[in-house]
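Asks: Protein chains in written order, with our numbering: chain F, 7 to 643; chain U, 7 to 643. Beta carbons are placed, not taken as given, at the ideal position from N, Cα and C, and that holds for glycine.
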């Protein structure tokens with residue numbers, strides 16, 4: 007029995023400008039992301055369960071519960087979190103598509119989790135099995151609060167999806183123990199890896215219990231004391247512990263930690279309205295987007311500490327771009343959208359989803375990148391699982407919960423942030439029910455049709471994000487083009503009394519273009535990348551037999567041609583064709599360094615270039631790939 | 007008492023083409039390297055002693071010996087080796103310049119080391135104090151044999167320098183224990199970090215005890231079983247354990263380990279003449295120099311595992327280029343010179359010494375780089391010491407032993423590999439005494455004068471390396487230019503009956519030039535670097551007020567002017583001046599990425615560029631620096 011009533015979703019977070027819809031309000035019924043969700047459901051979730059079983063991660067709970075003999079398996083202390091993230095993913099899946107078999111599998115896992123919980127509420131199979139006396143003794147690296155956070159997230163999601171509270175009871179017992187353990191006059195400190203902050207706020211939102219919000223704030227306020235041990239050459243910034251969050255003006259250290267912390271800080275702002283939190287987040291966002299984000303939305307320039315680098319330090323080959331960091335960026339940017347109502351945050355969310363997130367998983371759905379480079383010399387391939395397996399179940403929960411990022415609402419109406427084929431159904435604050443359908447082949451084709459399926463008589467506002475990549479969007483209602491539509495912070499805004507059958511047509515011309523990076527981005531100097539709509543392209547060896555993709559060159563005036571390709575990569579997609587060149591290094595003198603010659607001393611051979619979406623690379627075996635292509639200019643053409 | 011007679015130096019290693027001279031045969035008496043040796047003697051060695059005391063590294067021996075209460079200090083298991091490397095450096099120093107106070111300090115340290123040795127010969131303060139039951143239990147990461155190797159090297163050097171055998175007795179007792187412990191029918195395995203192989207061969211050479219050579223071979227033969235644990239994303243190649251050494255065709259994994267192992271393998275070849283060893287080393291050298299060595303001679307492209315990268319993966323900013331790896335490359339290349347008589351190995355040794363090694367230490371001699379990047383955005387500075395303090399005492403022993411790399415001999419005569427002001431004195435195999443003096447301001451000026459000070463009547467051969475960077479060397483004897491001198495494998499060869507007073511003048515024109523990298527080196531694409539003689543230059547923020555060095559550009563046709571600069575950097579040196587340009591990123595649209603424009607869309611402002619030797623950077627506070635400068639071509643000038 008819970009000592010509180012369950013609350014409804016994040017519908018009325020006090021300082022949100024826009025509000026998240028309940029997951030079931032939006033359904034993706036076809037097209038790009040529905041297909042991804044389908045693979046997630048059919049392939050990735052069952053694969054994840056098998057891997058959790060095969061690697062012993064589930065057995066750790068059985069052993070901790072006394073249901074099985076054995077010892078802790080796996081090399082890492084934080085493996086419990088993978089089970090929780092899988093449960094969270096299943097919860098979103100069940101909320102959208104009830105499935106008795108999947109539900110039973112998840113319920114069994116929840117029983118295991120419950121059975122492993124200690125009598126005082128503590129739950130962490132590593133510490134229970136390996137270091138039973140050492141609870142809370144290594145906050146910097148022990149990940150106990152991090153794992154607890156993922157338990158809380160899973161519990162909140164599962165409760166909302168199923169109405170059952172078994173996992174929530176486990177979570178709140180542990181949360182209450184943590185609350186009794188940490189805080190002023192109690193044990194001081196916080197987790198080396200942020201996560202519990204945002205998770206406690208989820209727990210607060212589902213239970214209404216204020217203590218969880220206060221505890222989240224306590225953990226956020228503990229940061230920046232510079233007491234954590236760091237890693238390798240990195241000091242306290244690795245753990246996001248260099249300066250207090252309200253004074254943090256740059257993104258630094260471990261990229262996933264930074265994103266999870268900022269997500270939690272954004273949630274705290276959304277609950278409290280404390281201006282200093284928002285200001286710090288705005289500063290960090292500007293720092294990140296002005297010099298620390300890859301073209302794919304990927305984050306983390308260094309292997310060392312999986313960390314952000316200096317401004318403009320954006321290497322193509324040795325970038326880190328952990329899949330989890332890209333996912334963390336989506337989580338943070340989504341809160342920024344809700345906080346501000348500004349399209350720039352949704353733009354980055356979209357860039358990240360289509361590129362830096364999606365590259366993390368094979369098209370087939372059963373192997374994963376942990377690191378997502380923008381240049382590979384070959385030999386790098388996705389794997390079915392990892393010793394540090396944070397990314398695969400993180401992708402599972404993101405894909406299962408994806409519809410919630412498409413549309414939000416406020417008391418004026420609806421805001422559409424992402425485009426796909428599906429339906430939206432909700433009751434506006436005014437009490438009138440509204441239903442829409444969206445029809446599009448986005449991101450491959452450039453038209454989105456929105457049909458009003460249901461609407462009360464009162465006028466309401468429909469906001470459609472005009473993507474930052476699109477210079478010349480146009481919009482029509484019932485076939486009538488709207489000249490000079492109202493655009494507010496990047497959102498085309500249409501307000502009227504909608505009639506069922508009204509059709510809004512958004513046209514987003516997506517000619518392929520070449521993009522370049524700021525001149526201080528030394529790593530991609532004098533290079534260009536191909537972008538079409540939100541999709542970043544790359545050249546892969548598989549499409550360029552007989553040529554090393556490292557030798558390819560592209561004229562910035564080259565015509566780019568978008569063409570369908572079906573089947574070869576197991577999915578239909580648009581590829582980009584262009585006339586390119588290759589330098590022939592055999593004409594080099596055989597040395598690694600030599601006296602400089604003029605640029606045009608190496609002859610260029612014409613080579614047709616075919617670029618595929620970056621997210622689709624690595625699906626034809628390990629082979630070389632590059633996003634940024636060195637350019638030549640017309641005098642060479 | 008030693009159970010064997012001490013042997014003379016490496017004078018007659020069986021499979022060496024050329025032989026190393028005893029250290030005292032060559033003295034550097036002035037100029038560039040003598041000044042470096044002087045700072046090593048006056049500043050660096052005393053600083054090292056203070057640091058070993060201050061960090062507790064010496065105390066670890068006192069505690070292990072029962073002379074002091076306490077526990078093991080320091081974060082790493084291999085700290086003993088720093089004491090041994092300091093002792094080795096002192097030994098070379100004492101051999102050249104007897105110094106009673108320094109001798110006494112070293113003798114006291116040796117007594118500490120002896121006192122800490124256990125009764126069966128074992129000696130490792132970490133295992134003795136922290137894991138007393140765990141001897142040899144973690145060969146992959148425990149570094150026990152690595153530390154033993156540095157003890158053996160110190161003992162060999164100290165015995166030769168002083169004729170005393172106290173440290174050699176400690177070393178041989180430990181070596182005998184290791185020999186009794188490891189081998190066929192005994193404990194199997196080898197050390198995760200190579201070092202003991204080369205050290206056992208040094209011990210063999212000083213004692214004549216064949217078992218040490220056999221044991222070195224045993225440890226070399228243990229490699230390549232793929233059983234070691236690896237580190238992070240790196241597997242067994244991290245420990246040089248992927249393939250057997252005779253099948254190793256590429257350099258990979260941890261760069262210092264690769265260099266130390268190859269040094270030991272080269273020594274084994276020099277003793278045994280086993281062709282497969284030499285072939286494997288030749289393959290690896292070609293792999294390294296065709297795509298894995300930085301312009302500075304630095305090695306290691308990745309922080310992850312301090313490791314080599316893929317071919318052509320040579321990032322300027324996130325290169326690793328550990329000082330110890332550069333030193334290891336000098337050690338290995340020196341053996342290749344002795345093995346082959348080919349100048350290409352000495353060329354790389356010289357490149358590495360003047361650049362990638364020398365950057366590791368401040369001009370003042372009391373702070374150090376562990377990592378030596380070719381581009382810094384600022385904020386990176388040398389430190390007085392490190393938790394992992396391998397590099398500082400490695401520099402100390404290299405500088406103290408430097409004269410031995412200048413000249414070698416064989417039964418035809420002498421070979422001069424490096425140029426500096428000094429003297430050479432030895433007895434040729436024929437029995438005739440020979441003495442030479444060298445006079446030069448190399449690497450700043452282009453003339454080396456060698457004067458025969460003493461010579462018997464029989465003709466002998468003088469070989470002088472023609473540096474690979476020099477296209478138009480010329481040579482004169484007693485003012486007579488030699489047209490078309492005999493050049494063998496990069497060595498100008500003069501054979502005659504030399505008379506005292508004969509003067510050989512080598513002229514090595516060293517106009518500053520721009521160099522470029524192979525087109526597959528993506529990181530420095532379309533960039534040039536300035537080189538003059540063996541010295542690589544860089545641009546540093548301190549010389550370019552008001553301009554970000556990341557914005558500098560250089561026309562490949564720009565005139566380069568060499569000029570003396572005295573004092574400002576505490577030493578006289580040649581700087582290079584050139585008319586350059588700066589792009590103004592304020593004219594960029596403020597985004598990190600944008601639609602590509604033509605290259606000439608950003609205006610260039612003329613900016614005078616001053617380049618300083620790379621080794622001298624970072625001596626005016628932490629400031630930005632770059633070696634590779636993006637180029638513009640004449641149409642922009």
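For residue 599/U, which three-state DSSP category applies?
Replies: As a position in the second chain, residue 599/U is number 593, starting the count at 1. Residue 599/U falls in the strand class under three-state DSSP.
Asks: In angstroms with no decimal places, state the Cα-to-Cα distance between residue 589/U and residue 318/F.
Replies: Taking the first residue of the second chain as position 1, residue 589/U is located at position 583. Taking the first residue of the first chain as position 1, residue 318/F is located at position 312. Taking the straight line joining both Cα atoms gives about 15 Å.
Asks: Anything in chain F within Cβ reach of residue 324/U, meaning under 7 Å, just list it in chain order.
Replies: Residue numbering aside, residue 324/U sits at position 318 when the second chain is read from its first letter. Residues of chain F passing the Cβ test: 308, 321, 324.
Asks: If we cut at 9 Å on Cβ distances, does residue 295/F have a partner in chain U?
Replies: The residue you call residue 295/F lines up with position 289 of the first chain. Chain U, which has a Cβ nearer than 9 Å to the Cβ of residue 295/F, makes this yes.
Asks: Give me the residue from 260/U, 199/U, 474/U with the minimum Cα distance to residue 308/U.
Replies: For the purposes of this step, residue 308/U is taken as the residue at position 302 of the second chain. Selected option, being the one with the closest Cα: 260/U.
Asks: Give every residue of the same chain whose Cβ lies closer than 7 Å to the Cβ of residue 619/F, excluding the five residues on either side of it in the sequence, and list them in chain order.
Replies: Along the first chain, read from residue 1 onward, the residue named residue 619/F stands at position 613. So the qualifying residues of the chain are 541, 543, 579.
Asks: When you compare only the Cα positions, how much space is there between residue 381/F and residue 536/F?
Replies: Sequence index remark: in the first chain, residue 381/F carries index 375 (1-based). Sequence index remark: in the first chain, residue 536/F carries index 530 (1-based). Whole-angstrom Cα-Cα distance: 14 Å.
Asks: When the Cα atoms are used, what is the spatial distance from residue 218/F to residue 275/F?
Replies: Mapped onto the first chain, residue 218/F falls at position 212. Mapped onto the first chain, residue 275/F falls at position 269. Computed Cα separation, rounded: 15 Å.
Asks: Please determine, among 202/F, 179/F, 89/F, 83/F, the residue with the shortest C-alpha to C-alpha distance to residue 137/F.
Replies: Start at 1 with the first residue of the first chain, and residue 137/F comes out as number 131. When each option's Cα is compared against that of residue 137/F, the closest is 83/F.
Asks: Please name the residue, chosen from 270/F, 416/F, 350/F, that lies closest to residue 474/F on a Cα-to-Cα basis.
Replies: Reading the first chain from its first residue, position 468 is the one you call residue 474/F. Closest option to residue 474/F, Cα to Cα, is 350/F.
Asks: Just confirm the distance between the C-beta atoms of residue 409/F and residue 460/F, as a whole number of angstroms; I'd bet it's less than 8 Å.
Replies: Against the first chain, residue 409/F aligns to sequence position 403. Against the first chain, residue 460/F aligns to sequence position 454. Not a contact, Cβ separation roughly 18 Å.
Asks: Residues of chain U with CB under 9 Å from residue 603/F, in chain order?
Replies: Along the first chain, read from residue 1 onward, the residue named residue 603/F stands at position 597. Correct list: 522, 562.
Asks: Below 8 Å on the Cβ atoms is my contact criterion, and I expect residue 265/U with residue 331/U to pass it. Report the Cβ-Cβ distance as a whole number of Å.
Replies: As a first step, residue 265/U must be located in the second chain, where it is residue number 259. As a first step, residue 331/U must be located in the second chain, where it is residue number 325. The pair is a contact, with the Cβ atoms about 6 Å apart (cut-off 8 Å).
Asks: Return helix, strand or coil for residue 41/F, following the three-state DSSP convention.
Replies: Here residue 41/F is taken as the residue at index 35 of the first chain, counted from 1. Residue 41/F falls in the helix class under three-state DSSP.
Asks: State the beta-bridge partners of residue 431/U as determined by DSSP.
Replies: To locate residue 431/U, count along the second chain from 1; it is residue 425. Residue 431/U pairs with 441/U.
Asks: Provide the residue span of the beta strand (DSSP E) that contains residue 344/F, from first to last.
Replies: As a first step, residue 344/F must be located in the first chain, where it is residue number 338. Where residue 344/F is concerned, there is no enclosing beta strand (DSSP E), although the alpha helix (DSSP H) it sits in stretches over 329–346.
Asks: Who pairs with residue 621/F in a beta bridge, going by DSSP?
Replies: As a working mapping, residue 621/F is identified with position 615 in the first chain. Answer by DSSP bridge pairing: none, since residue 621/F is not bridged.
Asks: Quick one: list the residues of chain U neighbouring residue 598/F, beta-carbon separation under 8 Å, in chain order.
Replies: Within the first chain, residue 598/F is the residue found at index 592, counting from 1. Simply 295, 296, 297, 299, 523, 524, 527.
Asks: Shorter than 9 Å from the beta carbon of residue 618/F to some beta carbon of chain U?
Replies: To locate residue 618/F, count along the first chain from 1; it is residue 612. Closer than 9 Å: no.
Asks: Would residue 218/U pass as an interface residue toward chain F - the criterion being a Cβ-Cβ separation below 9 Å?
Replies: Residue mapping note: residue 218/U aligns to position 212 of the second chain, counting from 1. Residue 218/U does not count as touching chain F.
Asks: When DSSP labels each residue in this structure, what does residue 302/F get in the three-state scheme?
Replies: Here residue 302/F refers to the residue found at position 296 when the first chain is read from its first residue. Note: residue 302/F maps to coil in three-state DSSP.
Asks: Over the uninterrupted beta strand (DSSP E) stretch that includes residue 586/F, give me the two end residues.
Replies: Numbered from 1 along the first chain, position 580 holds the residue referred to as residue 586/F. Per DSSP, residue 586/F belongs to the beta strand (DSSP E) from 579–589.
Asks: Once you ignore the five residues that flank residue 471/U on each side, which residues in its own chain have a CB closer than 7 Å to its CB?
Replies: If you number the second chain from 1, residue 471/U lands on position 465. Excluding sequence neighbours, residue 471/U sits near 349, 352, 422, 423, 496, 497.
Asks: Just verifying my parser: in three-state terms, what is the DSSP assignment at residue 147/F?
Replies: Locating residue 147/F in the first chain gives position 141, counting from the first residue. Residue 147/F falls in the coil class under three-state DSSP.
Asks: How about residue 283/F and residue 201/F: are their beta carbons less than 9 Å apart?
Replies: As a position in the first chain, residue 283/F is number 277, starting the count at 1. As a position in the first chain, residue 201/F is number 195, starting the count at 1. Cβ distance not < 9 Å, so residue 283/F and residue 201/F don't count as in contact.
Asks: Would you give the residue range spanned by the alpha helix (DSSP H) that residue 52/U belongs to?
Replies: Residue 52/U sits at position 46 when you count from the first residue of the second chain. 51–60 is the extent of the alpha helix (DSSP H) around residue 52/U.
Asks: Going by other Cβ atoms of all chains shown within 10 Å of its Cβ, with 16 needed for buried, is residue 291/U buried or exposed?
Replies: Here residue 291/U refers to the residue found at position 285 when the second chain is read from its first residue. With 16 or more Cβ atoms within 10 Å of its Cβ, residue 291/U is classed as buried.
Asks: Is there at least one Cβ from chain U nearer than 9 Å to residue 519/F's Cβ?
Replies: Position 513 of the first chain, counting from 1, holds the residue named residue 519/F. For residue 519/F, the answer is yes, since a Cβ of chain U falls inside 9 Å of its Cβ.
Asks: Can you find a C-beta in chain F that's less than 9 Å from the C-beta of residue 639/U?
Replies: Reading the second chain from its first residue, position 633 is the one you call residue 639/U. By this cut-off, residue 639/U is an interface position.
Asks: Hey, which unbroken runs of the alpha helix (DSSP H) at 4 residues or more fall wholly within the region 205–290 of chain U?
Replies: 216–227, 261–278, all fully within the region 205–290 of chain U.
Asks: Less than 8 Å between the CB atoms is what I'm expecting for residue 635/U and residue 560/U, so what's the real figure, rounded?
Replies: Translated into positions along the second chain, residue 635/U becomes position 629. Translated into positions along the second chain, residue 560/U becomes position 554. At roughly 4 Å, the Cβ-Cβ gap stays under 8 Å, so residue 635/U and residue 560/U are in contact.
Asks: Flag residue 361/F as yes if its beta-carbon sits less than 9 Å from any beta-carbon of chain U, otherwise no.
Replies: The residue you call residue 361/F lines up with position 355 of the first chain. With 9 Å as the cut-off, residue 361/F does not count as an interface residue toward chain U.
Asks: Tell me, please, whether the region 546–553 of chain U touches the region 395–411 of chain U by the rule of three or more beta-carbon pairs shorter than 8 Å.
Replies: Cβ pair count under 8 Å is below three, so no.
Asks: Assess, as a yes-or-no matter, whether the region 374–393 of chain U is touched by the region 442–450 of chain U under the definition of 3 or more beta carbon pairs within less than 8 Å.
Replies: The region 442–450 of chain U is not in contact with the region 374–393 of chain U.
Asks: Ignoring anything shorter than 4 residues or poking outside the region 122–200 of chain U, list the alpha helix (DSSP H) runs there in chain order.
Replies: For the region 122–200 of chain U, whole alpha helix (DSSP H) runs of length 4 or above, ordered along the chain, are 131–135, 150–168, 172–187.
Asks: Do you know how far the Cα of residue 625/U is from the Cα of residue 229/F?
Replies: Along the first chain, read from residue 1 onward, the residue named residue 229/F stands at position 223. Along the second chain, read from residue 1 onward, the residue named residue 625/U stands at position 619. Roughly 35 Å between the two C-alpha positions.
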